[in-house]
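Enquirer: The numbering of the sequence shown is my numbering, which starts it at 1 and goes up by one.
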Amino acid sequence: MVRAFALLGDQRCKQLKNRASSKDQGARGSRTPRPRLDIYQLDDHNCTTSSLSFSPCFPGKSAVTQTHSSAMTFASSSSVLPSGSSKDSSSVTTHSLKSLECRPLATEMVPGLPVVQVKSVPLGTPEFDEKRATLLEAFAAKVPEELRLPLEVIQNPPTDVSSIPTTCGILSPEEIIITEGYDAVGLVEAIASRNHTAIAVARAFCKRSIIAHQLTCCLTQWFMDEAIEQAQKLDSYFETHGNPVGPLHGLPISIKDHIQVAGTSSSQGYFISISDDDQDADIVSILRAQGAIIYCKTNQPQSLMHLESDSHWGRVLNPFNIHLSAGGSTGGESALIAMKGSILGIGTDIGGSIRGPSAFCGIYGFKTTSNVLPTRGYIKGDPPPAVVNIPLSTGPMCRSLRDMDLFMKCVLSSTPYLWDPNVVPIPWTGLETRFNRRLKVGIISNDGFIEPQPPVKRAISWAMSLLSDSKFSNLIELKEFKVLGAEKAWSQVRRLYWPDGGHLTKNGIISSGEPLHPLTEWIYRDAEPLGMHTAVDLTAVHKERDDFRLAFAKSWSDQDVDVIIGPSFVGPACAHDTAFYWTYTSLYNLVDYPGAVIPTPIRAESGEVYDTGYVPLSDACRHVRDLWEEGDFGGAPVSLQVVARRYHDNELFGALRVLKDVLNLS
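Encoded structure:
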C-alpha cells in the first residue's frame, strides 16, 4: 500500500510540474524575476540572520550549516528548517517588529507563493523537498501578480494580520462590502434580491481568500477560474428563469482538504496520501445542487490527528496573533473564515477538530452527533484507524448561529439517509426548536482535571454573570455542572485513537522522505507502545468506552440539565506545537455528544496571571499553567462550548436560540 502511495505521489508531482510549466506564461506573463533574498522565520524575541547550505537531510537530523549575514525578515509557504538546527546566540540583534525573533530558512527565494510563516515545518529528504517544491510552485502559478501582497508586508507582518485584507488595496469597495457585510444567510438573500451577482460574490471571496492565505497559510488549493465559471452559470440561470437555483444560490463555500471535490485533489495532510478526485463527496454534491460555489480547499495537520494545522503546505497562523495556532485539524478553515476569506466552510471533528479551531479564531462551529450528516467521500482510500473506535463527526464553521442552521437545514432537506444507510434520519428543526419551560443550563468552571487558563476563566465568569441575571430567570435555570471522569476519558480516548499503534500512517509519512512534524511525533510516541490491537483487544476497549458512556449519561441525568456550557479548550489559542490537551473537546467525541462553539467578547491580554490561590489539579494542569507563563497570548479570542446529549442536536439549537439573546450571539 505504501509503495502504491509513493508511486501516486511521483505521478502527481510530474502532473503538477507539467501544469505549472504550461501555465507559467499565462499566469505570470513576462514578470520580472524576483530578486534573490535571504529567507527568515519569525519567532520569540530577537532577530538573527544566516546563510544556509544544505546537505541530504533525513527526519530528525539537521542538514544545515550556518554563516551569519545581514538582518531582515521574510517567510515563504515552502520555508522550512529542521527542528534540530541551532542558533548562534552571539549574533542576535534586536529587531524593531514588536521584538520578534527572525530565524533564517534559506539564502535564495524558495519555491511557492510567499506567505508569512513564524515557525518552520521540518525539511525532509532532498527527493521529498523537490516534490514539495513542485507542489508549491503549481499553486503559485495560479496566483496573478495583482493579487499578491507586497513583499514588505510579508517580510514585516504585524502580530495581528486580520485587518490587512481590508486595507491592502487589492479589494474594491464592493468586494469589501460583499466579504464583510453579511453572514451566509444575509449573503444568499442579497444575491436573491439581485443586490450582488454570483460572479461578483465569487470574485470577491476568491480574491480575499488568496490574500488571507498569504498572511496565514490557510489554503491548499485555490481555483478562482473554476469558481467564476460556476458563478456565470448561476447568473445565467437566474437571468433565464427569474429565480435562484436553490437556497444556497451563489454562496461560496470552502472545503477542508481531505474532503473530495471533483476535479481537485485531496489528502490526509501528508504527501503520499495526495490523490486526484473524480467525484464529489456526498455533502459537496448536495451543496452544489443547491447553488453553492466551491472555490478553495483548506490546510490541515500532517495525519489529520492533532490540533495544529501544519502540513507539507506549511503552518496555518492565527489571524489575531500569528505566534499562536489557528487550531486543528480544521485550522485552515478557521483562519480563512476569521480573515473573512470564507463565509461558510465544512470541517470534521474526531477530537475537537471543528470546535478547537473555531474557538482559537473566534468563529462559530458545530460538531454534530456522528452520522447525522453524510460523510461518504470524506477520505479517499482507507480512513484513519481511529474511526474503528471513535466516530467521525462533521459540521459547519461560519459567522453566525443562523448560518449553522442554514447549513444543517439545506443538507438534511436532501434526505441523505435514503441513499446512505449510515445517516440517521433526524428531521431538522434547529433554531425553531422550542423549550416549553425554563432551559436547564449546567455551567463548567473546570473539568476536575485541568484548570483553564485565566482568559477562559474570565469568559466563564462573563457567561455566568449573564445567565444568572434575574431578568432571565424566567428563561434559564443555571446550575453548576461537575464533569465526570475527565482524566479517565482523556486516557481512554488517547488509546482509542490508535488501534494500530499509529504504524499505518507513520510508515506512510516517512516512506516518501517526509519528516514527522513535532506534534505528529508527539502523538506517535503516545501511540507506538499500544501496538496493533487484536479483535479481543478491540472488544475490551469498546466495553470500557461504552461503560464510560453509560456512567456519563447517568451523571448528566442525575444533575438534570438540558445543555452544558464551558471551556472549549484549556486556554485561548495556544502557542505553536503546544496543543497537547484536547480534554475539553475529546470527551464529547468519546461519548458522541453534539457541541457548538460560540464566541465571547473576551480577548486574552498580555500579562494575565493565575489566581494567587491556584492549586494544580494534576500534572497536566501544572503543565498548562507553565505553557501559559512561557507564552504571550495577547489578542487571542476566547470562546465557549455548548453541549447537548447524543442525538439531541435539535435541542442543542433550541438552547442556542434561548442563549442568543442572553449572551448577545450573532
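We put the CB at the ideal spot given by N, CA and C, even for glycine.
By the three-class DSSP mapping on this structure, what secondary structure does W582 have?
Expert: By 1-based counting over the sequence shown, the position of residue 582 is 582. It is coil, neither helix nor strand.
Enquirer: Run the CB neighbour count on T330, radius 10 Å, all protein chains shown included, and call it buried at 16 or more, exposed below.
Expert: As a working note, residue 330 is residue 330 in the sequence shown. Its Cβ being crowded by 16 or more others within 10 Å, T330 is buried.
Enquirer: What number of angstroms, rounded off, separates the C-alpha of K543 from the C-alpha of D537?
Expert: Counting from 1 along the sequence shown, the entry for residue 543 is found at position 543. Counting from 1 along the sequence shown, the entry for residue 537 is found at position 537. Going from the Cα of K543 to the Cα of D537 covers about 10 Å.
Enquirer: Which residue spans inside the region 450-516 form an unbroken alpha helix (DSSP H) run of at least 4?
Expert: 454-467, 486-496 and 503-511, all fully within the region 450-516.
Enquirer: Quick check on DSSP: helix, strand or coil for R622?
Expert: Counting from one through the sequence shown, the residue named residue 622 turns up at place 622. Helix at R622.
Enquirer: G345 and P301 - do their beta-carbons sit closer together than 8 Å?
Expert: One-based indexing of the sequence shown puts residue 301 at position 301. One-based indexing of the sequence shown puts residue 345 at position 345. No; because the gap between Cβ atoms is not below 8 Å, this pair is not in contact.
Enquirer: For K440, name the three-state secondary structure that DSSP assigns.
Expert: Looking up residue 440 in the sequence shown gives position 440. The answer is strand: DSSP assigns K440 an E or B state.
Enquirer: Buried or exposed: which applies to S162, given that a residue is buried once 16 or more other Cβ atoms fall within 10 Å of its Cβ?
Expert: Residue numbering aside, residue 162 sits at position 162 when the sequence shown is read from its first letter. The residue is buried, with at least 16 neighbouring Cβ atoms inside 10 Å.
Enquirer: Could you give the DSSP three-state label for S327: helix, strand or coil?
Expert: Translated into the one-based positions of the sequence shown, residue 327 becomes position 327. A small correction: the amino acid at residue 327 is Gly; Ser does not occupy that position in the sequence shown. In this structure, G327 counts as coil in the three-state DSSP scheme.
Enquirer: Once you ignore the five residues that flank F653 on each side, which residues in its own chain have a CB closer than 7 Å to its CB?
Expert: On the sequence shown, position 653 is the one that residue 653 refers to. If we look at F653 and ignore the five residues flanking it on each side, its Cβ neighbours are D405, G430, L431 and T433.
Enquirer: Are the C-beta of I199 and some C-beta of chain C separated by less than 8 Å?
Expert: Among the chains of the structure shown, chain C does not appear; only one protein chain is present.
Enquirer: D562: which of T583, L307, I476 and Y270 sits nearest, CA to CA?
Expert: To locate residue 562, count along the sequence shown from 1; it is residue 562. That would be I476, whose Cα lies nearest to the Cα of D562.
Enquirer: Do you know whose CA, among G381, V570 and T505, lies nearest Q260's CA?
Expert: Mapped onto the sequence shown, residue 260 falls at position 260. Of the candidates G381, V570 and T505, the one whose C-alpha sits nearest the C-alpha of Q260 is G381.
Enquirer: Going by Cα to Cα distance, which pick from L466, D619 and M532 is closest to P601?
Expert: The count along the sequence shown starts at 1 and reaches residue 601 at position 601. Of L466, D619 and M532, the residue nearest in Cα terms is L466.
Enquirer: If you draw a straight line from the C-alpha of L418 to the C-alpha of T375, how long is it?
Expert: Here the question's residue 418 lines up with position 418 in the sequence shown. Here the question's residue 375 lines up with position 375 in the sequence shown. One C-alpha to the other measures close to 14 Å.
Enquirer: Can you tell me which of the three DSSP states D592 falls into?
Expert: The residue you call residue 592 lines up with position 592 of the sequence shown. Coil, per DSSP.
Enquirer: Going straight from the alpha carbon of I510 to that of P499, what length do you get?
Expert: Reading the sequence shown from its first residue, position 510 is the one you call residue 510. Reading the sequence shown from its first residue, position 499 is the one you call residue 499. Taking the straight line joining both Cα atoms gives about 20 Å.
Enquirer: To the nearest angstrom, how far is the alpha carbon of M339 from that of D257?
Expert: Here residue 339 is taken as the residue at index 339 of the sequence shown, counted from 1. Here residue 257 is taken as the residue at index 257 of the sequence shown, counted from 1. If you take the alpha carbons of M339 and D257, they lie about 18 Å apart.
Enquirer: Taking only the alpha-carbon atoms, compute the straight-line gap between P425 and I286 and give it to the nearest angstrom.
Expert: Sequence index remark: in the sequence shown, residue 425 carries index 425 (1-based). Sequence index remark: in the sequence shown, residue 286 carries index 286 (1-based). Looking at the two C-alpha atoms, the distance is approximately 16 Å.
Enquirer: To the nearest angstrom, how far is the alpha carbon of V316 from that of Q232?
Expert: For the purposes of this step, residue 316 is identified with residue 316 of the sequence shown, where counting begins at 1. For the purposes of this step, residue 232 is identified with residue 232 of the sequence shown, where counting begins at 1. If I take the Cα positions, the gap works out to 32 Å.
Enquirer: Give a yes or no on whether the C-beta atoms belonging to H306 and I523 are separated by under 8 Å.
Expert: Counting from one through the sequence shown, the residue named residue 306 turns up at place 306. Counting from one through the sequence shown, the residue named residue 523 turns up at place 523. Against a cut-off of 8 Å, the Cβ pair of I523 and H306 comes out as a contact.
Enquirer: Considering only the beta carbon of each residue, do E483 and N589 sit closer than 8 Å?
Expert: In the sequence shown, the residue the question calls residue 483 occupies position 483. In the sequence shown, the residue the question calls residue 589 occupies position 589. What sits at residue 483 in the sequence shown is Val, not Glu. Their beta carbons are not under 8 Å apart, which means V483 does not touch N589 by this criterion.
Enquirer: Which of helix, strand or coil does DSSP assign to L147?
Expert: Position 147 of the sequence shown holds residue 147. Correct three-state label for L147: helix.
Enquirer: Quick check: what's the CA-CA separation for S568 versus A551?
Expert: Walking along the sequence shown from the start, residue 568 turns up at place 568. Walking along the sequence shown from the start, residue 551 turns up at place 551. Roughly 22 Å between the two C-alpha positions.
Enquirer: Would you call the CB atoms of E175 and K207 closer than 8 Å?
Expert: For the purposes of this step, residue 175 is identified with residue 175 of the sequence shown, where counting begins at 1. For the purposes of this step, residue 207 is identified with residue 207 of the sequence shown, where counting begins at 1. Closer than 8 Å, so yes.
Enquirer: Which of the three DSSP states is assigned to G365 in this structure?
Expert: Mapped onto the sequence shown, residue 365 falls at position 365. G365: strand per DSSP, three-state reduction.
Enquirer: Just to confirm the assignment, what range does the beta strand (DSSP E) spanning Y295 have?
Expert: Position 295 of the sequence shown, counted from the first residue, corresponds to residue 295. Y295 -> beta strand (DSSP E) spans I293 to T298.
Enquirer: Please classify V662: does DSSP put it in a helix, a strand, or coil?
Expert: Along the sequence shown, one-based indexing puts residue 662 at 662. In the structure shown, V662 sits in a helix (DSSP, three-state: H, G or I).
Enquirer: Is it true that the CB of P144 sits closer than 8 Å to the CB of D282?
Expert: By 1-based counting over the sequence shown, the position of residue 282 is 282. By 1-based counting over the sequence shown, the position of residue 144 is 144. No, they are not a contact pair.
Enquirer: What did DSSP end up calling Q268 once you bin it into helix, strand or coil?
Expert: Reading the sequence shown from its first residue, position 268 is the one you call residue 268. Coil at Q268, not helix or strand.
Enquirer: Here's the rule: buried if 16 or more other CB atoms are within 10 angstroms of the residue's CB, otherwise exposed. What is N507?
Expert: Working through the sequence shown from its first residue, we reach residue 507 at position 507. Its Cβ having fewer than 16 others within 10 Å, N507 is exposed.
Enquirer: What's the call for A725, buried or exposed, on a 16-neighbour Cβ count within 10 Å?
Expert: There is no way to answer for residue 725, as the model of the chain reaches only from 1 to 666.
Enquirer: Could you tell me the boundaries of the alpha helix (DSSP H) in which G186 lies?
Expert: Sequence index remark: in the sequence shown, residue 186 carries index 186 (1-based). Its alpha helix (DSSP H) spans residues A184 to A192.
Enquirer: Determine the extent of the alpha helix (DSSP H) in which T520 is found, giving its start and end residues.
Expert: Counted from its first residue, the sequence shown places residue 520 at position 520. First-last of the alpha helix (DSSP H) with T520: P518 to A527.
Enquirer: For S606, tell me which candidate among R625, Y581 and A636 has the shortest Cα-Cα distance.
Expert: Indexing the sequence shown from 1 puts residue 606 at position 606. Looking at the Cα atoms, A636 is the closest of the given residues.
Enquirer: Looking at the structure shown, is R315 part of a helix, part of a strand, or coil, going by DSSP?
Expert: In the sequence shown, residue 315 corresponds to position 315, counting from 1. DSSP places R315 in strand when its eight states are reduced to three.
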